[in-house]
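Going by my numbering, the residue at position 368 of the sequence shown is 369; the numbering climbs one at a time, nothing skipped.
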Amino acid sequence: MLVALDGTVLLVAQPGLQRDLGASLAQVQWTSTGYLLAVASLLVVAGRLGDRYGHGRLLFAGVLGFGAASAGIALAPSIGWVIGLRAAQGVFGALLQPATLALLRMTYPADRLGTPVAVRTSAIAVAAGAGPLLGGVLVAHLGWRSVFWINAPLALLIAALTLVVRAPAPPSPARSERLDLIGTTVLTAMLVVLVHTLAGVPAHGWTAAPTLLGLVAVVGLAVVLVRHERRIAYPVVPPVVARSVPVTASMAILLAGSAGLFGALFTATFYLQDVLRLDPLASGLRVLPLTALMVLGAPAAGRALRRYGPRSTATAGIALLALGIAELSRLGPDSSWTATGLTFAVMGTGFATVMVTATGTVVGDAPPGYAGVVSGLKQTAMNIGPTLGIALAASATGPSAHGSPATTATAFAPAMGLALLVLAGCAALGLLPASLLPRHASAPARA
Numbered sequence: 002m003l004v005a006l007d008g009t010v011l012l013v014a015q016p017g018l019q020r021d022l023g024a025s026l027a028q029v030q031w032t033s034t035g036y037l038l039a040v041a042s043l044l045v046v047a048g049r050l051g052d053r054y055g056h057g058r059l060l061f062a063g064v065l066g067f068g069a070a071s072a073g074i075a076l077a078p079s080i081g082w083v084i085g086l087r088a089a090q091g092v093f094g095a096l097l098q099p100a101t102l103a104l105l106r107m108t109y110p111a112d113r114l115g116t117p118v119a120v121r122t123s124a125i126a127v128a129a130g131a132g133p134l135l136g137g138v139l140v141a142h143l144g145w146r147s148v149f150w151i152n153a154p155l156a157l158l159i160a161a162l163t164l165v166v167r168a169p170a171p172p173s174p175a176r177s178e179r180l181d182l183i184g185t186t187v188l189t190a191m192l193v194v195l196v197h198t199l200a201g202v203p204a205h206g207w208t209a210a211p212t213l214l215g216l217v218a219v220v221g222l223a224v225v226l227v228r229h230e231r232r233i234a235y236p237v238v239p240p241v242v243a244r245s246v247p248v249t250a251s252m253a254i255l256l257a258g259s260a261g262l263f264g265a266l267f268t269a270t271f272y273l274q275d276v277l278r279l280d281p282l283a284s285g286l287r288v289l290p291l292t293a294l295m296v297l298g299a300p301a302a303g304r305a306l307r308r309y310g311p312r313s314t315a316t317a318g319i320a321l322l323a324l325g326i327a328e329l330s331r332l333g334p335d336s337s338w339t340a341t342g343l344t345f346a347v348m349g350t351g352f353a354t355v356m357v358t359a360t361g362t363v364v365g366d367a368p369p370g371y372a373g374v375v376s377g378l379k380q381t382a383m384n385i386g387p388t389l390g391i392a393l394a395a396s397a398t399g400p401s402a403h404g405s406p407a408t409t410a411t412a413f414a415p416a417m418g419l420a421l422l423v424l425a426g427c428a429a430l431g432l433l434p435a436s437l438l439p440r441h442a443s444a445p446a447r448a
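Written out as structure tokens, the structure reads:
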């Protein structure tokens with residue numbers, strides 16, 4: 002909740018931050034990009050460190066560092082300090098996120114993970130939905146720095162709880178393995194280049210030289226990483242994890258689903274605010290059913306997971322998500338609040354189901370001693386997916402998304418419809434890995 006809240010309130014604070022520090026638009030964008038690069042590139046490594054040294058320790062260090070970096074941003078004298086401290090926030094955010102999932106895995110047996118994962122999903126949805134409202138109140142009355150001050154006491158409270166509550170110790174296999182520094186460096190570089198390349202697609206396009214060079218570099222680094230990992234005794238991603246079909250299938254589902262959802266939200270938000278001329282509050286109210294159904298749908302998804310198993314539940318969630326995104330492509334100036342709300346509700350229900358099922362499966366199937374690295378892989382997919390989705394949306398809408406304020410709904414509608422259909426197809430790709438999930442929720446535990 003702390004991390005999700007921080008990300009959403011930042012969006013509200015950025016205009017005031019830009020004015021107060023005299024920053025350019027590109028510098029303000031780097032307050033988000035710098036964080037994303039740091040967190041996405043280090044999640045797997047952080048999970049590996051947690052497996053070796055203890056997830057309670059990683060959570061304690063991560064949350065304290067996250068709170069300290071937030072307080073530093075609140076005191077920052079210039080935009081350069083904000084960008085640097087946001088990158089530091091990303092480093093500490095990478096430490097704490099895999100630890101939370103890994104601790105759940107070590108506390109609950111695989112066949113009982115549905116409920117805690119559903120609670121976690123609902124909590125994230127509440128934080129993400131409340132962020133813009135809380136951020137708007139804080140910025141309006143106390144200024145943009147207040148949205149970073151609120152993290153400090155929350156971080157101290159969580160750190161205190163990690164000292165009071167005894168965390169289960171990781172099983173022995175991973176604790177005896179050394180961390181491969183060369184593989185870690187190559188993996189980190191590959192993820193940095195991938196995220197930076199995808200983040201640049203809205204500005205450059207898919208066929209521009211920076212994008213093509215970045216993708217070629219990603220492929221080259223991936224080849225180097227695979228060859229190196231095969232030759233050493235203790236690879237960054239252990240073979241037992243890489244060969245786990247439920248783990249890899251769940252990550253593919255999360256990648257496809259998050260790309261479809263966040264790309265659709267990017268497109269719909271632009272349409273609501275810049276085409277229909279709705280203010281941020283009115284736009285947020287239109288999208289509110291998505292957040293509400295994520296909160297309400299997560300517990301229901303947990304029950305469905307236990308009753309019908311991962312394969313059927315994930316398939317239903319992906320189908321609902323893809324259907325909702327495709328239905329959103331029919332959005333028009335005359336669309337009623339009811340029709341728009343129902344569409345976002347279907348998307349929220351589908352994504353909550355996907356999140357609970359894939360997260361419960363990927364973490365529940367983690368081999369003993371490797372819950373951290375599996376959690377890091379899951380969080381990496383959840384960071385790369387939205388970046389990919391926004392890149393697809395921006396490229397599909399083309400010049401329409403970057404036109405003048407005079408752009409009309411009639412001119413934008415065809416491009417928006419195409420973008421949403423592409424994103425619906427991207428989400429539907431998750432049906433393929435969903436067919437590889439186990440039929441029954443208890444299958445990983447029995448195995």
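C-beta atoms are modelled at their ideal positions from N, C-alpha and C, and glycine is treated no differently.
Requested in this report: Could you check the C-alpha separation between A14 and L22 for me, to the nearest Å?
Outcome: So the two alpha carbons sit approximately 12 Å from each other.
Requested in this report: Kindly give me the distance between the Cβ atoms of P368 and V241, rounded to whole angstroms, as I take these residues to be in contact under 8 Å.
Outcome: The beta-carbon separation of P368 and V241, rounded to 5 Å, stays under the 8 Å limit for a contact.
Report task. Rounded to whole angstroms, what's the CA-CA distance from P239 to S259? Just pull it up for me. Result -> So the alpha carbons of these two residues sit roughly 25 Å apart.
Report task. Please determine if the stretch 148-164 and the stretch 62-74 are in contact, where contact requires at least 3 C-beta pairs separated by less than 8 Å. Result -> Yes, the stretch 148-164 is in contact with the stretch 62-74.
Query raised in the report: What is the rounded straight-line gap between the Cα of V148 and the Cα of A265?
Result: Here the alpha carbons of A265 and V148 stand approximately 27 Å from one another.
Query raised in the report: According to DSSP, is S251 helix, strand or coil?
Result: Here S251 sits in helix by DSSP.
**Report entry** Cβ-Cβ distance between A47 and G377 below 8 Å
**Finding:** If you check the CB distance, A47 and G377 come in under 8 Å.
Query - Other residues of its chain near W207: CB distance less than 7 Å, five sequence neighbours each side excluded - result: Excluding residues up to 5 positions away in sequence, S396 lie with their Cβ nearer than 7 Å to the Cβ of W207 in the same chain.
**Report entry** Neighbourhood of G144 by C-beta distance below 7 Å, restricted to the same chain and skipping five residues each side
**Finding:** Counting only Cβ-Cβ distances below 7 Å, and skipping sequence neighbours, we find G17.
Requested in this report: Can you check the stretch 82-159 for any beta strand (DSSP E) of at least 3 residues that lies completely inside it and give the ranges in chain order?
Outcome: Correct list: empty.
Query raised in the report: Which of the three DSSP states, helix, strand or coil, is assigned to I326?
Result: I326: helix per DSSP, three-state reduction.
**Report entry** Whole-angstrom distance between A317 and L37, CA atom to CA atom
**Finding:** Going from the Cα of L37 to the Cα of A317 covers about 30 Å.
Query raised in the report: What is the C-beta distance between Q90 and A77, in whole angstroms, given that I count them as a contact (C-beta under 8 Å)?
Result: Rounded, the Cβ-Cβ distance is 12 Å, inconsistent with contact.
**Report entry** S436, DSSP secondary structure in three states
**Finding:** In this structure, S436 counts as coil in the three-state DSSP scheme.
Query raised in the report: Any chance the stretch 384-393 sits against the stretch 186-204, with 3 or more Cβ pairs inside 8 Å?
Result: Yes: at least three Cβ pairs fall under 8 Å.
Report task. Hey, could you find the ends of the alpha helix (DSSP H) V166 is sitting in? Result -> Unbroken run through V166: none, as it is neither H nor E.
Query - For L255 and M383, believed in contact at Cβ under 8 Å, the rounded distance - result: Going by Cβ atoms, the distance from M383 to L255 rounds to 6 Å, so yes, they are a contact pair.
Query raised in the report: Where does G431 land, buried or exposed, given buried means 16+ other C-beta within 10 angstroms?
Result: Per the 10 Å Cβ criterion, buried.
Query raised in the report: Taking one C-beta from the stretch 96-110 and one from the stretch 295-315 each time, how about it: are there three or more such pairs within less than 8 Å?
Result: No: fewer than three Cβ pairs fall under 8 Å.
Query raised in the report: Span of the alpha helix (DSSP H) holding A75?
Result: Segment 56-75, the alpha helix (DSSP H) holding A75.
Report task. Alpha carbon to alpha carbon, how far is G325 from G351? Give it in angstroms, no decimals. Result -> Each residue's CA atom was taken as its position, placing G351 and G325 some 8 Å apart.
Query raised in the report: Are three or more beta carbon pairs between the stretch 52-63 and the stretch 127-145 nearer than 8 Å?
Result: The stretch 52-63, when compared against the stretch 127-145, does not touch it at the 8 Å Cβ threshold.
Query raised in the report: Among residues of its own chain, excluding the 5 on either side of I80, which ones have a beta-carbon nearer than 6 Å to its beta-carbon?
Result: For I80, same chain residues with a beta-carbon under 6 Å away, outside a window of 5 residues either side, are L22, A24, Q28 in chain order.
Query - Spatial neighbours of I125 in its chain, beta-carbon cut-off 7 Å, leaving aside the 5 residues before and after - result: The beta carbon of I125 sits closer than 7 Å to those of M2, A5, all from its chain and outside the five residues before and after it, given in chain order.
Report task. Can you tell me which of the three DSSP states W207 falls into? Result -> Secondary structure of W207 (DSSP, three-state): coil.
Requested in this report: Would you please state the rounded distance, in angstroms, between the beta carbons of V357 and V375? I believe it to be under 8 Å.
Outcome: So it is not a contact: roughly 16 Å between Cβ atoms.
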